[in-house]
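In the numbering used here, the protein residues as written are 37 to 164.
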(Lines of atoms letter the chains of each structure in order from A and count residues from 1; the text may use other names and numbers.)
(Lines give C-alpha, C1' and ligand atoms only; values in the text may rest on other atoms or scores of the structure.)
Protein backbone atom coordinates (compact mmCIF):
# COMPACT_ATOMS: atom_id res chain seq x y z
CA UNK A 1 0.00 0.00 0.00
CA UNK A 2 1.39 3.39 -1.03
CA UNK A 3 0.76 6.43 1.15
CA UNK A 4 1.13 10.02 0.04
CA UNK A 5 0.25 13.43 1.40
CA UNK A 6 -3.02 14.52 -0.20
CA UNK A 7 -3.25 17.84 1.64
CA UNK A 8 -1.45 19.68 4.45
CA UNK A 9 -3.05 22.02 6.97
CA UNK A 10 -1.02 24.52 8.98
CA UNK A 11 -2.94 25.56 12.09
CA UNK A 12 -1.78 28.65 13.96
CA UNK A 13 -2.71 28.88 17.64
CA UNK A 14 -3.30 32.39 18.93
CA UNK A 15 -5.66 34.11 21.38
CA UNK A 16 -7.57 32.25 24.08
CA UNK A 17 -4.72 31.82 26.59
CA UNK A 18 -5.75 29.75 29.60
CA UNK A 19 -8.77 27.97 28.18
CA UNK A 20 -9.90 25.33 25.71
CA UNK A 21 -11.65 26.61 22.59
CA UNK A 22 -13.32 25.20 19.50
CA UNK A 23 -13.61 26.96 16.16
CA UNK A 24 -16.38 25.11 14.27
CA UNK A 25 -15.94 24.42 10.56
CA UNK A 26 -12.54 26.12 10.38
CA UNK A 27 -11.01 23.53 8.06
CA UNK A 28 -12.62 22.08 4.93
CA UNK A 29 -11.43 18.96 3.12
CA UNK A 30 -12.85 18.21 -0.35
CA UNK A 31 -12.31 15.38 -2.80
CA UNK A 32 -11.85 16.99 -6.22
CA UNK A 33 -10.63 13.77 -7.79
CA UNK A 34 -12.85 11.49 -9.82
CA UNK A 35 -12.56 8.51 -7.49
CA UNK A 36 -13.29 7.52 -3.92
CA UNK A 37 -10.36 8.34 -1.64
CA UNK A 38 -9.37 6.39 1.45
CA UNK A 39 -7.78 8.90 3.83
CA UNK A 40 -6.26 9.35 7.28
CA UNK A 41 -5.35 12.47 9.20
CA UNK A 42 -1.93 12.61 10.83
CA UNK A 43 -0.60 15.12 13.36
CA UNK A 44 2.85 16.32 12.29
CA UNK A 45 3.75 18.45 15.30
CA UNK A 46 4.83 22.07 15.56
CA UNK A 47 6.47 23.67 12.54
CA UNK A 48 7.21 27.05 14.12
CA UNK A 49 9.98 27.90 16.54
CA UNK A 50 8.40 30.56 18.75
CA UNK A 51 9.57 28.81 21.90
CA UNK A 52 5.98 28.86 23.15
CA UNK A 53 4.69 25.71 21.43
CA UNK A 54 4.97 23.65 24.63
CA UNK A 55 2.29 25.84 26.23
CA UNK A 56 -0.23 24.41 23.76
CA UNK A 57 -1.45 21.45 25.79
CA UNK A 58 -3.97 20.27 23.18
CA UNK A 59 -4.48 20.90 19.47
CA UNK A 60 -6.84 18.88 17.25
CA UNK A 61 -8.92 18.61 14.10
CA UNK A 62 -12.34 17.08 14.83
CA UNK A 63 -15.29 16.05 12.65
CA UNK A 64 -17.86 13.67 14.15
CA UNK A 65 -15.92 10.45 14.82
CA UNK A 66 -12.77 11.57 12.95
CA UNK A 67 -10.22 13.08 15.32
CA UNK A 68 -6.50 13.70 15.21
CA UNK A 69 -4.52 15.59 17.84
CA UNK A 70 -1.24 15.90 19.64
CA UNK A 71 -2.67 13.23 22.01
CA UNK A 72 -3.85 10.87 19.24
CA UNK A 73 -1.53 11.43 16.27
CA UNK A 74 -3.34 9.45 13.57
CA UNK A 75 -7.04 9.09 12.83
CA UNK A 76 -8.85 5.99 11.71
CA UNK A 77 -9.19 5.61 7.94
CA UNK A 78 -12.24 7.19 6.31
CA UNK A 79 -13.54 7.53 2.76
CA UNK A 80 -14.38 10.61 0.78
CA UNK A 81 -16.44 10.25 -2.41
CA UNK A 82 -15.85 12.42 -5.49
CA UNK A 83 -17.19 15.93 -4.88
CA UNK A 84 -17.74 15.25 -1.17
CA UNK A 85 -16.43 17.65 1.49
CA UNK A 86 -15.94 17.39 5.25
CA UNK A 87 -15.69 20.30 7.66
CA UNK A 88 -13.39 20.00 10.66
CA UNK A 89 -13.44 21.98 13.87
CA UNK A 90 -10.13 23.26 15.20
CA UNK A 91 -9.78 22.73 18.95
CA UNK A 92 -6.94 23.83 21.15
CA UNK A 93 -5.97 24.66 24.69
CA UNK A 94 -3.20 27.02 25.74
CA UNK A 95 -1.94 26.65 29.30
CA UNK A 96 -2.65 29.58 31.61
CA UNK A 97 1.01 29.39 32.66
CA UNK A 98 1.84 31.26 29.46
CA UNK A 99 0.29 34.42 30.92
CA UNK A 100 2.73 34.21 33.84
CA UNK A 101 5.74 33.77 31.54
CA UNK A 102 5.17 36.63 29.09
CA UNK A 103 5.33 40.37 29.48
CA UNK A 104 2.14 42.39 29.01
CA UNK A 105 2.95 43.49 25.44
CA UNK A 106 3.55 39.96 24.07
CA UNK A 107 0.51 38.59 25.88
CA UNK A 108 -1.67 41.39 24.47
CA UNK A 109 -0.34 40.69 20.96
CA UNK A 110 -1.25 37.00 21.35
CA UNK A 111 -4.71 37.84 22.72
CA UNK A 112 -5.27 40.29 19.84
CA UNK A 113 -4.25 37.64 17.29
CA UNK A 114 -1.14 39.52 16.16
CA UNK A 115 1.37 36.96 17.49
CA UNK A 116 0.94 33.20 17.44
CA UNK A 117 1.78 30.82 20.26
CA UNK A 118 2.77 28.28 17.62
CA UNK A 119 1.89 26.63 14.35
CA UNK A 120 1.01 22.95 14.04
CA UNK A 121 0.97 20.68 11.01
CA UNK A 122 -1.76 18.21 10.09
CA UNK A 123 -1.44 16.01 6.99
CA UNK A 124 -4.18 14.23 5.07
CA UNK A 125 -2.69 10.93 3.90
CA UNK A 126 -4.11 8.86 1.04
CA UNK A 127 -3.91 5.10 1.00
CA UNK A 128 -3.61 3.93 -2.60
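The beta-carbon is built from N, C-alpha and C at its ideal position, and this holds for glycine as well.
Whole angstroms are fine: how far does the CA of residue j sit from the CA of residue i?
i	j	result
residue 168	residue 118	Residue 168 lies beyond the stretch modelled for the chain, which goes from 37 to 164, so this question has no answer here.
residue 144	residue 106	26 Å
residue 83	residue 158	10 Å
residue 78	residue 111	7 Å
residue 64	residue 161	15 Å
residue 123	residue 62	7 Å
residue 133	residue 46	24 Å
residue 67	residue 164	14 Å
Within this structure, are the beta carbons of residue i and residue j separated by less than 8 Å?
i	j	result
residue 130	residue 92	yes
residue 113	residue 73	no
Note the first and the last residue of the continuous alpha helix (DSSP H) segment covering residue i.
i	result
residue 136	133-137
By DSSP, does residue i sit in helix, in strand, or in coil?
i	result
residue 130	strand
residue 83	coil
residue 143	helix
Under the DSSP definition of a beta bridge, which residues are partnered with residue i?
i	result
residue 160	43, 77
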